[in-house]
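K.L.:
Numbering (the numbering used here), first residue to last: 498 to 618.
1) Using the beta-carbon count (16 or more within 10 Å), is residue 548 buried or exposed?
2) Going by the CB atoms, is the gap between residue 565 and residue 541 shorter than 9 Å?
3) Within 10 Å of its beta-carbon, does residue 560 have 16 or more other beta-carbons around it, so buried, or fewer, so exposed?
4) Look up residue 522 in the DSSP assignment and say whether it is helix, strand or coil.
5) Among 521, 562, 499, 518, which has the Cα closest to the Cα of residue 598?
6) Expressed to the nearest angstrom, what Euclidean distance is found between the alpha-carbon atoms of residue 556 and residue 503?
7) Among the residues of its own chain, which have a CB less than 6 Å from the CB of residue 514, if the five just before and after it don't count?
8) Looking only at its chain, what residues have a beta carbon closer than 6 Å to the beta carbon of residue 551, apart from the 5 residues adjacent to it on each side?
9) Can you list, in chain order, the residues of its chain with a C-beta nearer than 8 Å to that of residue 516? Leave out the 5 residues immediately preceding and following it.
10) With H, G and I counted as helix, E and B as strand and the rest as coil, what does DSSP make of residue 529?
11) Please state the DSSP three-state secondary structure of residue 513.
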């Protein structure tokens, strides 16, 4: 049976389960690093941490960033002219009222394997 749990703060993460998957070799999953990112994050970024279990055993971990784009502060492209005009019409009416959230698996400020890690058994 597979289950998962999502956390909004590093302090909520069961450290023993996290450390079973994430050793010191990958800084992006180090709880101290994640806590520092959490403390220094811009106001428009929320963080989520997920643990995936298989039969109660930690099988995977993931780090997500939810980036809130300010209304009016984004542009959306489209490949064809008809789609582009419809999208322009829609966004012109919505962009000053509705924020858009970008969900990023990993860390927008680092490169490398920073999003998902799995158990290697």
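Heads up, the beta-carbon is just placed ideally off N, CA and C, and yes, glycines get one too. Fair warning: this is a prediction, and the values are worked out from it, not measured in the lab.
P.N.:
Walking through what the data contain:
1) buried
2) yes
3) buried
4) coil
5) 562
6) 14 Å
7) 548, 555
8) 499
9) 528
10) helix
11) helix
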